[in-house]
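Chains as they are written, first to last, in this note's numbering: chain A, 1 to 228; chain B, 1001 to 1280.
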């Protein structure tokens, strides 16, 4: 537990100075606040920008942050120093995961400002699940990549699929059919309804399968590559 | 304290360590000398449990290296060239991470930074440090928890003479305080100055070992005496009766400016044994 907290503390200090990661965390919440308050077109669905940016936030920030943090530590060999200092790989990964999840949840809390009281809980719950799956996928990329450059080229296509398909699905039925197999599209649909009762079995199963696949992939890559 | 017996290690088809054996007693500085690619870093990685090996035995703190616990690792300090620092964090914050891991108070961080001469750079980001300062920060990280064994992988390579001198002093101070130090270098002057014992490693084999002076004496085949006369002339003599008389006469006549025996140094010994230079 102590080492996990040390990793979280280190990341908090580092993120404030790491513009690339810091931007990932603030850009969507800030854009949401600006767009929701500045643009009000007649006939536009309620909370249109908030829902759109929420999905992009899930598909982008945790994935990019985890991949960038882990791959940078591998590239600079600071991860090896931590391992030699008796920090266990699982402590490190949990530390990074918890840190990214908390920061993303803070961002989600900011994005939920326009919601009614009862909707905040469903919104944050759903966002929390989405962040967790993205963190697992981002960690897979970070563990697999040798350095930051490889990590960037790996997570970009994943990010495009997870973050942009739900947005494109609004305009194209075929894309929507494909997009439905991803958790981000299912979360988008849940956010459209914004109630626990509105979560269909289909959504729950698809999100669960996505989670299981992300966990399996994580353990597979971790077993093969480790943290060295 | 550190013991190796018949260590073998291969990367693919290439065998990089071919039966390495040595013993390092407590409180000594052991230098592993060899050119780049000789297998020095591989051996450090094996001894610190970072790398598996195919054959042989390796012990640290009287324990098999594969069975080192977290507590054991806290008693081992490792500084390798490839180990990085957190670029965006200050020197203080860099060390704070490890101080927290080891449960060391903040006052000790300041003490350690002062020890390596970085007291004025406490709040400076690591990315703003010069190469020498960065090495000193890495050393500070190693010294933070006062380990009883230090592994230093070419700690002064590429540094200016002043910084080298400072690091040498720190290493000798650590030895004085009872630390056992395993040092790799391809700088024979550094090895001769710091090490109680050295091993000459070439292509995965220790070609000779012993104290630097003993090794040099062992290979002193020529046994020449070099004399610089007051007239400016240089003369070379061998160790025999006839030359002794000549030297005696020159001395009596007051014609000698300087007189030196010409033992080989570690560089020439290595060259004689392997046909390669240490800094190849």
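Idealized CB from N, CA, C, for every residue including glycine.
- Contact check for residue 1113 of chain B against residue 1141 of chain B fails: the beta carbons are separated by 8 angstroms or more.
- For residue 1022 of chain B, the enclosing beta strand (DSSP E) starts and ends at 1014-1024.
- Along the stretch 1181-1218 of chain B, the beta strand (DSSP E) occurs as fully enclosed runs of 3 or more residues at 1197-1202 and 1205-1210, listed in sequence order.
- In the displayed model, residue 1063 of chain B falls within a strand according to three-state DSSP.
- 76, 77, 78, 80, 81, 84 and 85: these are the residues of the stretch 59-85 of chain A whose beta carbon lies less than 7 angstroms from some beta carbon of chain B, given in chain order.
- Put simply, of B:1256, B:1052 and B:1089 the residue whose alpha carbon is nearest the alpha carbon of residue 13 of chain A is B:1089.
- Here the alpha carbon of residue 176 of chain A sits roughly 11 angstroms from the alpha carbon of residue 164 of chain A.
- Every alpha helix (DSSP H) stretch that sits fully inside the stretch 1087-1145 of chain B and reaches 4 residues is listed by chain position as 1091-1102, 1106-1115 and 1131-1143.
- According to the DSSP secondary-structure assignment, residue 1057 of chain B is paired through a beta bridge with B:1005.
- Between the C-alpha atoms of residue 1185 of chain B and residue 1153 of chain B there is a straight-line separation of about 7 angstroms.
- DSSP lists no beta-bridge partner residue for residue 156 of chain A.
- DSSP places residue 1028 of chain B in no alpha helix (DSSP H); its state is neither H nor E.
- The beta-carbon distance between residue 215 of chain A and residue 144 of chain A, rounded to whole angstroms, is 15 angstroms. This is too long to meet the 8 angstroms contact definition.
- Residue 1110 of chain B is positioned such that its CB atom lies no closer than 8 angstroms to that of residue 10 of chain A.
- Nearest CB-CB separation between residue 17 of chain A and chain B: below the 8 angstroms threshold.
- Counting every other CB atom within 10 Å of its CB across the protein chains shown gives residue 1238 of chain B a total below 16, marking it as exposed.
- The alpha-carbon of residue 1070 of chain B is positioned some 26 angstroms away from that of residue 1176 of chain B.
- Taking CB atoms only, residue 172 of chain A has no neighbour in chain B less than 8 angstroms away.
- With respect to the 8 angstroms criterion, residue 1197 of chain B and residue 1028 of chain B are classified as neighbours on the basis of their beta carbons.
- When only Cα atoms are considered, residue 1066 of chain B and residue 132 of chain A end up about 35 angstroms apart.
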